[in-house]
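Structure first, commentary second.
In the working numbering, the protein residues as written are 176 to 753.
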């Protein structure tokens, strides 16, 4: 009989049984087949009815009084499969049998099913529906309506706790990605309402919901990245959404409160001499052991391709020396004198240990010092700053450039590498807070290309000699960091970090991956010099190799006057590929 059922049975929803004519073939009726049938005419999802909030509250007061027990679909017992569970529960609640006997009844039912079908099966747990408050219900309505209008390309699916499924699918072909979210709490809608009501603070609501576990992704590897890519694609299509400024744009007063809160927090973190050290410490002083678990052995926290003309006689200054990997590499190759400054005590401690281990303490010194505190009597032949200018802040860009100009020798070079944002979005971005500023790098401000060059023009005689965007390399670098981070999850937890911290950093990695992958973010390497610097720039064949050679040739040749090397993740094999 069991083999016959396997070969000839059909899966049909039981409401259609009343329309089935007499037939010689048996039908096995189920709404939850273990495997989707090959021949399916129609498939849809349904869920248990959800009672009103008032009824749910009242039920707790009247259930079981005077021996009356309320059951049925509104209590989550609407399907035939629930009968076994509900009957057992009623027997227990009425005091007829103990719970252990009830469990035995369930086990006996499963054994009987196995003897007929020769396939193991499990009783599904009763789905617990979300019970949103009045405000959360309103937020849910708003979010569903907004997403229905906003998603013009790509596909977004919301799988609510309890069985409801809501799909938003655009007709545009710009983005073919699909992602599915599991909504675990109605707080998701309340937080995401702020996300859409206040465009400039948009990601904060979504980030907060993810960090606190209000939703998760069905695809744990690519789901969050795809969600960001879908939002980016639709943002570009809905240019009008990106025209708001500051925090004075919310439609609801509650959204205004949340937006103003983040706005003033952002303003309070401007990088004064005192606040700059606090901002840096919040990220870089988390734990050297933490960073060692997902960075490479040198703790290089950037995707850097440096082309600098350095020799043994040069005095080098690095502003924001990190964990010292660049300093050690440069001095090993050139034996120059190297000074690095940082505001992170943890980075300083680690870098000094590594320099001693390398035996380079006679050539390298590190200082716990702000760039504004360096005496301008010192002159450096090369000033390097790798992804530090993002921590300077919009208000202090001219001051930073002025300090570099006063510290640079007449024939010196300034090399900057920094993450960038498109010029058209910079003014909106700098006036508002976002996920990175709030959760990862307090006080940071990613500059645009024109903001950087305008600061140079306003505060120095420096001019651009070379510029190259290497942002696409960062996508793979970030993937490697995320992979290492998740691989060492248990070790990170043992260091004292919690699940919210883990989700925050997963969000951080995927957020940045999507930004670089979509070219929403760039990463520029720029070389600056003063006009008339013939001693360094006069010979074009001693200039930038990238100006005269293809990538493959550049990788295979050595320039005695040029340091050209990659600092990134452990897997560097394909990072130069176009």
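Glycine is no exception: its CB is placed at the ideal position from the N, C-alpha and C atoms.
Residue i classed as buried or exposed, judged by whether at least 16 other C-beta atoms fall within 10 angstroms
i	result
residue 563	buried
residue 706	exposed
residue 309	exposed
residue 396	exposed
residue 550	exposed
residue 625	exposed
residue 320	exposed
residue 497	buried
residue 236	exposed
residue 594	buried
residue 433	Residue placement at residue 433 is poorly supported in this model, since its pLDDT is 46, which falls under 50; the coordinates still yield a value, given next. Label assigned to residue 433: buried.
residue 536	exposed
residue 697	buried
residue 529	buried
residue 525	buried
residue 390	buried
residue 242	exposed
residue 393	exposed
residue 323	exposed
residue 619	buried
residue 761	Residue 761 lies beyond the range of the chain shown here (176 to 753); nothing can be said about it.
residue 449	exposed
residue 557	buried
residue 515	buried
The beta strand (DSSP E) enclosing residue i, as first and last residue numbers
i	result
residue 699	697-704
residue 602	Careful: residue 602 lies outside any beta strand (DSSP E), inside the alpha helix (DSSP H) at 598-605.
residue 512	512-517
residue 621	Careful: residue 621 lies outside any beta strand (DSSP E) and carries neither H nor E.
residue 238	Looking at the DSSP string, residue 238 is not in any beta strand (DSSP E), and its letter there is neither H nor E.
residue 330	330-335
residue 245	Per DSSP, residue 245 belongs to no beta strand (DSSP E) and is neither H nor E.
residue 148	Absent from the structure is residue 148, since the part of the chain shown begins at 176 and ends at 753.
Residue i, enclosing alpha helix (DSSP H) - first and last residue
i	result
residue 662	647-662
residue 678	674-692
residue 582	572-582
residue 466	463-467
residue 505	500-509
Local conformation of residue i per DSSP, three classes
i	result
residue 476	coil
residue 562	coil
residue 447	coil
residue 594	strand
residue 348	coil
residue 413	coil
residue 323	helix
residue 317	helix
residue 495	coil
residue 536	coil
residue 639	strand
residue 485	coil
residue 610	helix
residue 392	strand
residue 490	strand
residue 627	helix
residue 340	strand
Option nearest residue i by Cα separation, candidates the options
i	options	result
residue 413	349, 460 and 365	349
residue 507	486, 492 and 519	486
residue 540	550, 533 and 513	513
residue 570	518, 605 and 555	605
residue 584	708, 535, 467 and 603	708
residue 783	493, 324, 685 and 684	Only positions 176 to 753 of the chain appear in this structure, which leaves residue 783 out of reach.
residue 568	528, 536 and 612	612
residue 648	618, 693, 668 and 661	693
residue 519	245, 610, 574 and 566	566
residue 517	244, 527, 511 and 366	527
residue 552	600, 578, 448 and 561	578
residue 445	640, 607, 469 and 650	607
residue 335	653, 361 and 454	361
residue 670	711, 700 and 463	463
residue 401	495, 460, 477 and 686	686
residue 691	644, 238, 448 and 368	644
residue 465	673, 574 and 406	673
residue 554	616, 580, 347 and 651	580
Assumed close pair residue i, residue j - CB separation to whole angstroms, cut-off 8 Å
i	j	result
residue 491	residue 596	No, residue 491 and residue 596 are not in contact; Cβ-Cβ is about 29 Å, not under 8 Å.
residue 306	residue 332	Rounded, the Cβ-Cβ distance is 22 Å, inconsistent with contact.
residue 576	residue 630	5 Å
residue 399	residue 683	That belief does not hold up - the Cβ atoms of residue 399 and residue 683 are roughly 10 Å apart, past 8 Å.
residue 385	residue 315	Between residue 315 and residue 385 the Cβ distance is about 17 Å, and since that is not below 8 Å, they are no contact.
residue 688	residue 653	5 Å
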